[in-house]
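Chemist: Please find one structure pasted underneath; my questions will follow.
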Amino acid sequence: MDFKTLSGNEYVYLPESGIVYPKKALKRPAEIEKFEKSVGNEKINLDEIKNPDIIKELIFKSGLQELILEVTQKCNLRCKYCVYSESYPGVRGYNPKDMSEDTALKAIDLYFSLLKEGRAYNPYREPKIGFYGGEPLLNFELIKTCITHVMENYTDFDPHFVMTTNSTLLSDEILTFLREYDCEIVLSIDGPKEEHDRNRVFPGGKGSFDTIMENAKSLGGLKAYCQAVYDLKTNTNKVHEFFCGDDVPILSGISSVSSKIPNTYYNQFSARDRKTHEGRLAKMRHYQIEKVKRESGKGNKRNGKDRASLYDLNLMNLITSILSRHIGRCKDPYVPYTGAGVPGFKLFADAYGFLRICERTFGDASIIGDVESGLNYEKILGILQSLRSETLSCESCVAKNMCSLCYATFASGPAIKGDPAVCEDVKMQLEGMLSHLWTLGEIDQNVLIELAEEYYALFEDIGKELL
6 MDFKTLSGNE YVYLPESGIV YPKKALKRPA EIEKFEKSVG NEKINLDEIK NPDIIKELIF
66 KSGLQELILE VTQKCNLRCK YCVYSESYPG VRGYNPKDMS EDTALKAIDL YFSLLKEGRA
126 YNPYREPKIG FYGGEPLLNF ELIKTCITHV MENYTDFDPH FVMTTNSTLL SDEILTFLRE
186 YDCEIVLSID GPKEEHDRNR VFPGGKGSFD TIMENAKSLG GLKAYCQAVY DLKTNTNKVH
246 EFFCGDDVPI LSGISSVSSK IPNTYYNQFS ARDRKTHEGR LAKMRHYQIE KVKRESGKGN
306 KRNGKDRASL YDLNLMNLIT SILSRHIGRC KDPYVPYTGA GVPGFKLFAD AYGFLRICER
366 TFGDASIIGD VESGLNYEKI LGILQSLRSE TLSCESCVAK NMCSLCYATF ASGPAIKGDP
426 AVCEDVKMQL EGMLSHLWTL GEIDQNVLIE LAEEYYALFE DIGKELL
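Following the working numbering, the numbering of the sequence shown begins with 6 at its first residue and continues without gaps.
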């Protein structure tokens, strides 16, 4: 892939090694092609795997990182971009279903039995249990039952609990319980009032910002972080300023309204909206360029709040997503391309008791077992085989080792299926990322290394699942 920086310098990104060369340095293409082939990803021939126990062993070695319980499918908000809204016609709508206590405890007991069986392969792995919805606090009694069950019955483990919540239902009783068990919470806040209330509303249309910010005053003693969502009308500068303030928890992640699943949400935006959005992104890139210029040669370290601002977090993600592709770094040989992994690396138990690949998958293709029978290793092998067949064209794709597409794209229907249009978006984004990052690197590559180090420090503090 060829790209240019703002200075006009030309570079070439080579996908196998992840190396970027100045274009004028490519004087020996035959030698470079030979080198690229020598560092290509190893690929397991999945058709030769006849015994699903190989998949079981693989999951025991590196999987089972987290159990996520969909304690309810109910929600007290009606966020306009919610994947369960009418904007996503292929996904189930709002549902009054609660997970039963029987289903929840069976999911927990299954998870711990797998952890115990897998100790021979990974003796240092500790359990992580997440509570998800809907809005999980609508079934808070079940959350209490689950945590108490774990603490009373699995004393030889050191469990970690995390909950994603819209935080409108936080009360003194709930906060006291969460503090007692050191439960980490992730608050959904999209920025200042005018930004947040544009989409995150109660059923009657009233914004939820004031309720959330009032509840946020009582978070002392809890590990709390924010995750935000943006769309083409988001004023990124206002969101950046908001999360630089001291009256909200640290921003741990921001993502766009999902476009990887067929939707009508984006139909509302005009050409002018898109142009304005591009202009705001350009301002963000300019901010990052000027910041690198200011800090060049100073060796400044940002404090915890500053490094988690919107613009800095965006830059940290950009740096690590590119610079982590070093020579000899190979992806999982079972899933050599895309951002997907082996199903079972985390477990999502839905309200009905089905085990799914993750909380962002919805279709029948994402089911990998149930709380009664456990993981279906034959089904997991079949998913891997289907994904390999669906991604054969990735072999020649320039973005194959940078691709972030996951099972939310491939497993949200009745069968594993890709979307060529989404693939084109990934390639376009990669070119822009490379151009911006190498523009910054031409100013001072040491600043980029420092930012990468700070990202990994944040990674240790917060955890991979939140970044």
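We put the beta carbon where it would ideally sit given N, CA and C, even for glycine.
Take Asn381 and list the residues in its own chain whose beta-carbon comes closer than 7 angstroms to its own, dropping the five residues that flank it on each side.
Modeler: One-based indexing of the sequence shown puts residue 381 at position 376. Taken in chain order, the residues that qualify are Ile373, Gly374.
Chemist: Give the secondary structure of Cys231 by DSSP, where H, G and I count as helix, E and B as strand, and everything else as coil.
Modeler: Within the sequence shown, the letter at position 226 stands for residue 231. Looking at Cys231 - three-state DSSP - the assignment turns out to be strand.
Chemist: Out of Gly387, Ser22, Gly13, which has the shortest C-alpha to C-alpha gap to Lys28?
Modeler: Indexing the sequence shown from 1 puts residue 28 at position 23. Nearest C-alpha to Lys28: Gly13.
Chemist: Once you ignore the five residues that flank Arg184 on each side, which residues in its own chain have a CB closer than 7 angstroms to its CB?
Modeler: Here residue 184 refers to the residue found at position 179 of the sequence shown. Once the five neighbours on either side are set aside, the close Cβ partners of Arg184 are Gly226, Leu227.
Chemist: Looking at the ligand COA, does it come within less than 6 angstroms of Ile37, judged from the CB to the closest heavy atom?
Modeler: No copy of the ligand COA occurs in the structure displayed, which carries no ligand at all.
Chemist: Mapping the DSSP letters down to three states, classify Thr150 as helix, strand or coil.
Modeler: For this step, residue 150 is matched to residue 145 along the sequence shown. Looking at Thr150 - three-state DSSP - the assignment turns out to be helix.
Chemist: What is the rounded straight-line gap between the Cα of Ile385 and the Cα of Val347?
Modeler: If you number the sequence shown from 1, residue 385 lands on position 380. If you number the sequence shown from 1, residue 347 lands on position 342. Here the alpha carbons of Val347 and Ile385 stand approximately 8 angstroms from one another.
Chemist: Buried or exposed for Lys133, going by 16 or more other Cβ atoms inside 10 Å?
Modeler: One-based indexing of the sequence shown puts residue 133 at position 128. Burial call: buried.
Chemist: Measure from the alpha carbon of Arg279 to the alpha carbon of each residue in Arg299, Lys298, Lys238, Gly250, then state which is nearest.
Modeler: In the sequence shown, residue 279 corresponds to position 274, counting from 1. It is Lys238 whose Cα lies nearest to the Cα of Arg279.
Chemist: Where does Glu15 fall in DSSP's three states?
Modeler: For the purposes of this step, residue 15 is taken as the residue at position 10 of the sequence shown. Three-state result, Glu15: strand.
Chemist: CA-CA distance, Tyr26 and Pro34?
Modeler: Position 21 of the sequence shown, counted from the start, is the residue given in the question as residue 26. Position 29 of the sequence shown, counted from the start, is the residue given in the question as residue 34. Looking at the two C-alpha atoms, the distance is approximately 11 angstroms.
Chemist: Compute the Euclidean distance between the alpha carbons of Val431 and Tyr270, then round it to the nearest angstrom.
Modeler: Here residue 431 refers to the residue found at position 426 when the sequence shown is read from its first residue. Here residue 270 refers to the residue found at position 265 when the sequence shown is read from its first residue. So the alpha carbons of these two residues sit roughly 20 angstroms apart.
Chemist: Can you tell me the Cα-Cα spacing of Ala112 and Thr150, whole angstroms?
Modeler: Position 107 of the sequence shown, counted from the first residue, corresponds to residue 112. Position 145 of the sequence shown, counted from the first residue, corresponds to residue 150. When rounded, the distance between both Cα atoms is 13 angstroms.
Chemist: Give the DSSP-derived three-state secondary structure of Ile49 in the structure shown.
Modeler: The residue you call residue 49 lines up with position 44 of the sequence shown. When DSSP states are grouped into helix, strand and coil, Ile49 belongs to the coil group.
Chemist: Based on the DSSP output, what are the partners of Ala354 in its beta bridges?
Modeler: Taking the first residue of the sequence shown as position 1, residue 354 is located at position 349. As a beta-bridge residue in DSSP terms, Ala354 pairs with Leu74, Leu360.
Chemist: Just how far apart, CA to CA, sit Ile37 and Tyr342?
Modeler: In the sequence shown, counting from the first residue as 1, residue 37 sits at position 32. In the sequence shown, counting from the first residue as 1, residue 342 sits at position 337. Straight-line Cα distance between these residues: approximately 21 angstroms.
Chemist: Give me the residue from Lys296, Asp369, Ala354, Glu455 with the minimum Cα distance to Ile324.
Modeler: Counted from its first residue, the sequence shown places residue 324 at position 319. Nearest of Lys296, Asp369, Ala354, Glu455 to Ile324, Cα basis: Glu455.
Chemist: Rounding to the nearest angstrom, what Cα-Cα distance links Gln273 and Ile266 in this structure?
Modeler: For the purposes of this step, residue 273 is identified with residue 268 of the sequence shown, where counting begins at 1. For the purposes of this step, residue 266 is identified with residue 261 of the sequence shown, where counting begins at 1. Each residue's Cα considered, the two are about 16 angstroms apart.
Chemist: Since Gly423 and Glu395 are thought to touch, with beta carbons under 8 angstroms apart, how far apart are those beta carbons, to the nearest angstrom?
Modeler: In the sequence shown, the residue the question calls residue 423 occupies position 418. In the sequence shown, the residue the question calls residue 395 occupies position 390. That pair is a contact at about 5 angstroms.
Chemist: Classify Leu72 as buried or exposed, calling it buried when 16 or more other Cβ atoms lie within 10 Å of its own Cβ.
Modeler: In the sequence shown, counting from the first residue as 1, residue 72 sits at position 67. With 16 or more Cβ atoms within 10 Å of its Cβ, Leu72 is classed as buried.
Chemist: Considering only C-alpha positions, which residue in the set Lys61, Pro94, Thr181, Tyr86 is nearest to Glu122?
Modeler: Here the question's residue 122 lines up with position 117 in the sequence shown. Checked all of Lys61, Pro94, Thr181, Tyr86; the closest Cα to Glu122 is Lys61.
Chemist: Hey, could you find the ends of the beta strand (DSSP E) Phe136 is sitting in?
Modeler: Indexing the sequence shown from 1 puts residue 136 at position 131. Start and end: 133-137.
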